[in-house]
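Chains as they are written, first to last, in my numbering: chain G, 878 to 1097; chain C, 2 to 269; chain H, 139 to 355. By construction, the Cβ of each residue, glycine as well, lies at the ideal position given by its N, Cα and C atoms. Fair warning: this is a prediction, and the values are worked out from it, not measured in the lab. Read the structure below first, then the notes.
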């Protein structure tokens, strides 16, 4: 049996792949911003919020971190309409990604906050800053700087996880690949190419975020 | 067997990757599938499990349906034990190409693209692809799909036909398998669904509250049994079995049982 | 068609959950063995070996598990080998797991103070002796908690095997959904099953970590 690989047949559909890349990056960008912001808010709730809030957020974090993303996505997309919430595949995907990322971000950010020396906080309070001001201006920036690499890794994981969103017809990269593959039956070539694209994306996004972090997120 | 003649136009596109193109001489598959089946007395047949009444699971999760019965029938005629392999619409053809199964009996329609990569036997059951929606939706023809969302299973003939006729503003949502397509439609995620008439009628029975109705026919696309390219001995044998079953009334009996109607005119 | 009671749903999911457990264990053990071999290569003085492992890790951590599963599934068959959903899922999950475990363990080895390595070398221990008698025993204690924690990721990872037709918990969920048309109930149950499998492991990992920290303080 001789197998002849034909990558050209797949690359001929490059516009579909390009749209796929755009969707994957778009989904990732939106969920990264919303997910990290939610994560910071939840981290505050978990470490400084009222007891009830701490418990609720804690349960949320555990529930999300101990169930697979694909099940969360299916629940939101297929299950929630039965309860009256109907979401488009794209919105359902963003929500699932935000929910997923926020749970991990909560724990990551919290670890960063807890590592902030007490003295800094006391100094801020002695300067008559309110607790909120202290949290936003004094505690968060160094905490983010400390955990930025971990956060970037988690964002990459969520980006790669978005491959699953194609299952519910979001035209992201893996969906594009599957579509091409189901038309020309070049499954192996298609997935080799998409794997290469993901590698490039993961590498580039990681570099970009590592670079952007100190400049735009927690810089001074 | 995996080779598809690449057109000269594609050649240029290949240039950049020509270096990557590799020839893999795999383990020699000298003997043919029919001999293997006769010798091992087992046959692997791909069937659907997400497509009632052709293939679905009961409360015991065991597959049943027209295609499942057909698979058992063909296996019995070949004196082989059947190993049912559940597949989805999108991965049926790759399963055959990579010889994970000997036959695909999984509502497989015939079209020129598929004929390039797999072989087909004669048809064994009818299949009508149509568009369905609740009564309230004013859809009578393809033009009316403009601005509406339609669920369809990726990689199916349904998808191809729909893509061909749907106006540019129609929002075609392609799902991975029939489970997802039907679930999405039933959850109200799309306004319409393009699928088999028989499948839709099963959904209607289970969900009469939906007020689902037939809108228009996309294609009369009977089901064929898929055989890997080059397995002519197996194809000839299965053709004999199907032809005989069509004559003896066995096919009609199966269609009556599962589809509630006779097979009707089936093409060669 | 057959009517599904809630009991039928739960029973079928529980039956399918067995395969989730089996697949997770195989992937975890397989990934552990491969990961350990890679770790030795990664720590060895050989530059090529290190570069290879780094590339391997980059490859498996930089592409979606879903794509890896598809590749294993359709790719290996092209080499003339017959792959079932079982072999493909096992292979892809094993490689994926090993790529993460080798990184986790490397971190643990690096957490062992540099002086320990040097002390070992000064005692004229070879690389393998040093690794075996001095560094690994210390790294092992540090490694237990994150390793157990990663088992949760493996279990969740097996959910993706549903996409290549492996009938485990998630796939059973979508099949049952289609037979019952009750996605809300079914996916809630599926989620609950995963939680029941994963949460205790998460707790154990957390406790181990706490103990370790206490011991080091």
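Give the DSSP bridge partners of residue i, in chain order.
i, result
"residue 44(C)", "83(C)"
"residue 883(G)", "According to DSSP, which records beta bridges pairwise, residue 883(G) is partnered with nothing at all."
"residue 135(C)", "213(C)"
"residue 903(G)", "Paired residue(s): none; residue 903(G) is not in a bridge."
"residue 229(C)", "119(C)"
"residue 130(C)", "197(C), 220(C)"
CA-CA distance, residue i and residue j?
i, j, result
"residue 901(G)", "residue 203(H)", "15 Å"
"residue 991(G)", "residue 347(H)", "16 Å"
"residue 143(H)", "residue 895(G)", "46 Å"
"residue 46(C)", "residue 164(C)", "29 Å"
"residue 152(H)", "residue 94(C)", "31 Å"
"residue 1035(G)", "residue 976(G)", "11 Å"
"residue 27(C)", "residue 221(C)", "Interpretation of residue 27(C) is limited by its pLDDT of 35, a score under 50 that renders its predicted location unreliable; no figure is taken from the coordinates."
"residue 979(G)", "residue 919(G)", "8 Å"
"residue 22(C)", "residue 1069(G)", "Summary for residue 22(C): the model assigns pLDDT 35, below 50, so the residue's position carries little reliability; its value from the coordinates is reported in the next sentence. Looking at the two C-alpha atoms, the distance is approximately 12 Å."
"residue 241(H)", "residue 189(H)", "13 Å"
"residue 148(H)", "residue 958(G)", "22 Å"
"residue 952(G)", "residue 235(H)", "26 Å"
"residue 216(H)", "residue 99(C)", "6 Å"
"residue 963(G)", "residue 1031(G)", "28 Å"
"residue 247(C)", "residue 125(C)", "8 Å"
"residue 194(H)", "residue 1078(G)", "17 Å"
"residue 934(G)", "residue 921(G)", "10 Å"
"residue 904(G)", "residue 1042(G)", "10 Å"
"residue 1055(G)", "residue 260(H)", "57 Å"
"residue 307(H)", "residue 1039(G)", "20 Å"
Mapping DSSP to helix, strand and coil, what is residue i?
i, result
"residue 254(C)", "helix"
"residue 241(H)", "helix"
"residue 981(G)", "helix"
"residue 51(C)", "strand"
"residue 1049(G)", "coil"
"residue 236(H)", "helix"
"residue 56(C)", "strand"
"residue 65(C)", "strand"
"residue 210(H)", "helix"
"residue 915(G)", "helix"
"residue 155(H)", "helix"
"residue 269(C)", "coil"
"residue 174(C)", "strand"
"residue 150(C)", "strand"
"residue 111(C)", "coil"
"residue 220(C)", "strand"
"residue 194(C)", "strand"
"residue 1039(G)", "helix"
"residue 102(C)", "coil"
"residue 265(H)", "helix"
"residue 965(G)", "coil"
"residue 167(C)", "coil"
"residue 920(G)", "helix"
"residue 124(C)", "strand"
Does the beta carbon of residue i fall short of 7 Å from some heavy atom of the ligand HEM?
i, result
"residue 188(H)", "Among the components of this structure there are no ligands whatsoever, and the ligand HEM is therefore not found."
In terms of alpha-carbon separation, which member of the options lies closest to residue i?
i, options, result
"residue 167(H)", "229(H), 319(H), 211(H)", "229(H)"
"residue 50(C)", "265(C), 79(C), 134(C), 108(C)", "108(C)"
"residue 135(C)", "216(C), 112(C), 99(C)", "216(C)"
"residue 337(H)", "290(H), 312(H), 352(H)", "290(H)"
"residue 202(C)", "183(C), 188(C), 190(C), 119(C)", "183(C)"
"residue 157(C)", "131(C), 189(C), 143(C)", "131(C)"
"residue 973(G)", "887(G), 1047(G), 1081(G), 997(G)", "1047(G)"
"residue 264(H)", "146(H), 170(H), 182(H)", "182(H)"
"residue 260(C)", "105(C), 227(C), 204(C)", "204(C)"
"residue 169(C)", "187(C), 143(C), 179(C)", "143(C)"
"residue 63(C)", "327(H), 317(H), 344(H)", "317(H)"
Step through the CB atoms of chain D and report whether any lies within less than 8 Å of the CB of residue i.
i, result
"residue 102(C)", "Structure shown: chain D not included; protein chains present are G, C and H."
Contact list for the segment 1020 to 1052 of chain G against chain H, Cβ threshold 9 Å: 1030, 1033, 1034, 1036, 1037, 1038, 1039, 1040, 1041, 1043, 1044, 1050, 1051
Residues within the segment 186 to 214 of chain H neighbouring chain G, beta-carbon criterion of under 8 Å: 196, 197, 199, 200, 201, 202, 203, 204, 205, 206, 208, 209, 212, 213
Within 9 Å of chain C by C-beta, residues of the segment 952 to 964 of chain G in sequence order: 954, 955, 956, 957, 958, 959, 963, 964
Members of the segment 1064 to 1078 of chain G that neighbour chain H once the beta carbon cut-off is set at 8 Å: 1064, 1065, 1068, 1069, 1071, 1072, 1075, 1076
Contact set between the segment 79 to 100 of chain C and chain G, restricted to residues whose Cβ is under 7 Å from the partner: 91, 94, 95, 98
Residues, ordered as in the chain, of the segment 170 to 189 of chain C that lie near chain H by beta-carbon distance below 9 Å: 177, 178, 179, 180, 181, 183, 184, 187, 188
Contacting positions in the segment 199 to 216 of chain C - beta carbon closer than 9 Å to chain H: 203, 204, 206, 207, 208
Residues within the segment 932 to 954 of chain G neighbouring chain H, beta-carbon criterion of under 8 Å: 939, 940, 942, 943, 944, 945, 946, 947, 948, 949, 951, 952
Chain C contacts from the segment 882 to 895 of chain G (Cβ-Cβ distance under 7 Å): 882, 883, 884, 885, 886, 888, 889
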